[in-house]
Amino acid sequence: MSILVIAEHDNHTLKAATLNTVTAAACLGDDIHVLVAGSQCASVAEQAASIAGVKRVRVVDAPHYAHLLAENLAALITTVAADYSHVLAPATTTAKNAMPRVAALLDVAQISDVVAVESADTFVRPIYAGNVLATVRSADRIKVMTVRTTAFAAAPAEGGAAAIESLAPAVEVPGSRFVSQQLTRSERPELTSAQRVISGGRGMGSGENFALLEDIANKLGAAVGASRAAVDAGFVPNDYQVGQTGKVIAPQLYIAVGISGAIQHLAGMKDSKVIVAINKDEEAPIFQVADFWIVGDLFKVLPELSGELDKLQQN
Amino acid sequence: MKVLVPVKRVVDANVRVRVKADGSAVDIANVKLSMNPFDEISVEEAVRLKEAGAASEVVVVSCGVQACQETLRTAMATGADRAILVQTDAELQPLAVAKLLKALVDKEQPQLVMLGKQAIDDDANQVGQMLAALLGWPQATFASKVSVEAGKATVTREIDGGLETIEVDLPAVVTTDLRLNTPRYATLPNIMKAKKKPLDVVTPDALGVDIAPRLSTLKLAEPTKRAAGIRVADAADLVAKLKNVAHVI
Chain H
0 MSILVIAEHD NHTLKAATLN TVTAAACLGD DIHVLVAGSQ CASVAEQAAS IAGVKRVRVV
60 DAPHYAHLLA ENLAALITTV AADYSHVLAP ATTTAKNAMP RVAALLDVAQ ISDVVAVESA
120 DTFVRPIYAG NVLATVRSAD RIKVMTVRTT AFAAAPAEGG AAAIESLAPA VEVPGSRFVS
180 QQLTRSERPE LTSAQRVISG GRGMGSGENF ALLEDIANKL GAAVGASRAA VDAGFVPNDY
240 QVGQTGKVIA PQLYIAVGIS GAIQHLAGMK DSKVIVAINK DEEAPIFQVA DFWIVGDLFK
300 VLPELSGELD KLQQN
Chain A
0 MKVLVPVKRV VDANVRVRVK ADGSAVDIAN VKLSMNPFDE ISVEEAVRLK EAGAASEVVV
60 VSCGVQACQE TLRTAMATGA DRAILVQTDA ELQPLAVAKL LKALVDKEQP QLVMLGKQAI
120 DDDANQVGQM LAALLGWPQA TFASKVSVEA GKATVTREID GGLETIEVDL PAVVTTDLRL
180 NTPRYATLPN IMKAKKKPLD VVTPDALGVD IAPRLSTLKL AEPTKRAAGI RVADAADLVA
240 KLKNVAHVI
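Next up, the structure:
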């Protein structure tokens, strides 16, 4: 029984989400293979080969995989999947786009956002914005699943020495073309893998006021996130959104500022190790999941917090 | 151009669900049910395409129990022209829904299928992609901007790192994200008018689709609650707690 993990990458760098997915795969068996589909992606294959626990890396390098469009990626995975009992990918937007297509082409169910592996055919996944955990059993011959990366530790990126083999590309699927990309550039850590995150909500009042959060983020080495309300209001770009339909994260420290705590937001951060909330409304639901909270005006508390962090660094 | 818009009836976004004591199901007795919020966005987008002259007809579809007719009437009250209910009391999983929709697409021949990127009950995020695969159509998921012209759709998608724009040939499947539009409210005259719009009912059997579930649910449980936290007085107190108690800074 071999297990296939779909690598998440940008043709140069293997994304950390792949490491968590390898750990999920290791709960199922030890013959773990990684599929790297891309264009000019040889360095990604080498990084995948050095992940501890990976036995084989299969690389498909062709121009029509450059942007990992769902039609081409799914067609490829579907042909490769025949040799495997399980096909796993991290629950990123790339895999969420392509994997259900794979499942349908194989005529099997997909198990989305797996948070625990109970056995080879039984998995736990969240439903209703994480307010309910469902244990489900699949009767299909191939289990196609996406993995919630926050639920599995990262496999060591070094220590493996997997064999790398090239596979022929699948025939190009017409009908869909990449036009352009607008990626948010930041010097700060990536939201999904950051150990510390500070997020702002509607209470921030404007995009300019996010500078208060960025100042603290810089001092903590934290990423900056946001609630849906802040994104909808145009304060920050969409990729800042933490929540049921945005990013699901579980950093060591999560600081929620001016966020009331709708269940859709809690779904994205309630598994963080330590949660801090700053809100002027004493009744804010965010306090129910917070380890420490301050009831107060964020425009007063944030500069004070910044000053306290300076003092800490001087000591 | 005809647009087909599948909609799902789900527990309202503002309801906090409870699992039944025996762990067999979520208790939805006496709970408010509404149209999946992402599907409201797809209905709105389809209606706007019609108002802009890019679409000629908006057909809404729902799969499920008889009460889904209410959801379909709501969609018609906000501008959809007619409705189809695939009626069944059986459990429907995403692959089964995709197969039912494929059967309807084969009959109705729309150029565009527009549906929410995920339903807020099962949070699966699968049906649109599965339908596109079964039809052999291109897909544009997680759309935050859609423009349709000359047999193709240009779609801006919300992705992990920011935004991506792709172009797909029609016919295609588009799944909608939160920021595509703000759905309108149904007005009373339009609610009255919607009652007279056509609503056809078909069954999975009549469509010749096997809807047998592939996953069996063994157990439902609520996640463990976090331990109660403490209120701290000010930023100095907070930093002290984070350093000396929680050890995270």
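Chain order of the listed sequences is H and A. Letter 67 of the first sequence, counting from 1, is numbered 66 in numbering that gives the first Met the number 0, and no numbers are missing. Letter 111 of the second sequence, counting from 1, is numbered 110 in numbering that gives the first Met the number 0, and no numbers are missing. Glycine is no exception: its CB is placed at the ideal position from the N, C-alpha and C atoms.
- T70(A) sits close to V6(A), with the two beta carbons spaced by under 7 angstroms.
- Contact between R201(H) and A228(H) holds: their C-beta atoms lie close to 4 angstroms from each other, under 8 angstroms.
- Against chain A, a Cβ distance below 7 angstroms from Q181(H) picks out G161 and L162.
- In the displayed model, A97(A) falls within a helix according to three-state DSSP.
- Counting only residues of its own chain and dropping the five nearest sequence neighbours on each side, Q46(H) has a CB closer than 6 angstroms to the CB of L13.
- Taking 7 angstroms as the CB threshold, D168(A) lines the interface with chain H.
- Rounded to whole angstroms, A220(A) and D122(A) show a C-alpha spacing of 16 angstroms.
- Residue environment: D60(H) is assigned as buried (16 or more neighbouring CB atoms within 10 Å of its CB, all protein chains considered).
- By the criterion of at least three beta-carbon pairs nearer than 8 angstroms, the segment 16-31 of chain H is in contact with the segment 81-94 of chain H.
- Minimum Cα-Cα distance from L27(H) among the listed residues L182(H), K299(H), M144(H) and F177(H) corresponds to M144(H).
- In summary, the residues of the segment 225-243 of chain H whose CB is separated from some CB of chain A by less than 8 angstroms are R227, V230, D231, P236, N237, D238 and Q243, in the order they occur in the chain.
- Taking a cut-off of 8 angstroms on C-beta distances, the segment 13-24 of chain A touches the segment 203-220 of chain A, as three or more cross pairs fall below it.
- Taking a beta-carbon distance threshold of 7 angstroms, T91(H) counts as an interface residue toward chain A.
- Distances from the alpha-carbon of V116(H) to those of D270(H), W292(H), A102(H) and L132(H) put L132(H) closest.
- Listed by position along chain H, the residues whose Cβ is nearer than 8 angstroms to that of I27(A) form an empty set, because the closest Cβ is around 11 angstroms away.
- Residues of chain H with a Cβ closer than 7 angstroms to the Cβ of V42(A) do not exist, since the nearest Cβ in that chain sits about 18 angstroms away.
- Interface with chain H (7 angstroms Cβ-Cβ cutoff): G52(A) is excluded.
- Under DSSP, H32(H) forms a beta bridge with L3(H) and R55(H).
- Taking 7 angstroms as the cut-off, the beta carbon of K106(A) is found no closer than this to the beta carbon of F291(H).
- Residue contact check for G115(A) against chain H: no CB pair falls below 7 angstroms.
- At a cut-off of 4 residues, the continuous stretches assigned as alpha helix (DSSP H) that sit fully inside the segment 105-171 of chain A are 126-134.
- Its Cα nearest to that of L211(H), the residue G306(H) stands out among G306(H), E164(H), A289(H) and K272(H).
- The three-state reading of DSSP puts R187(H) in coil, since its state is none of H, G, I, E or B.
- Contact fails between the segment 146-153 of chain A and the segment 140-160 of chain H, because fewer than three Cβ pairs, one in each stretch, are under 8 angstroms apart.
- In this model, P188(A) and D176(A) are separated by some 29 angstroms (Cα to Cα).
- Within the same chain, Cβ atoms closer than 6 angstroms to the Cβ of F151(H) are found at N19, T22 and A23, the five residues on either side in sequence being excluded.
- For P302(H), the uninterrupted alpha helix (DSSP H) segment begins and ends at L297 to Q313.
- Under the rule that a run must span 3 or more residues, the beta strand (DSSP E) segments found entirely inside the segment 220-263 of chain H read 222-225 and 252-256.
- Against chain A, the beta carbon of I110(H) has neighbours under 8 angstroms at L214, listed in chain order.
- Against Q251(H), the close residues of chain A are V247, in the order they occur along the chain (beta-carbon pairs closer than 7 angstroms).
- In this structure T121(H) is not in contact with R100(H), their Cβ atoms being roughly 24 angstroms apart against a cut-off of 8 angstroms.
- Restricted to the segment 123-200 of chain H, the beta strand (DSSP E) segments that are unbroken, complete and at least 3 residues in length are 131-137, 142-146, 162-165, 175-182 and 195-199, listed in chain order.
- The straight-line gap separating the alpha-carbon atoms of A205(A) and P197(A) is approximately 19 angstroms.
- In the displayed model, V101(H) falls within a helix according to three-state DSSP.
- Listed in chain order, the non-local C-beta contacts of G206(H) below 8 angstroms within the same chain comprise G233, F234 and V235, local neighbours out to five positions each way being set aside.
- Scanning chain H for C-beta atoms nearer than 7 angstroms to the C-beta of P137(A) yields E70, G174 and S175, reported in chain order.
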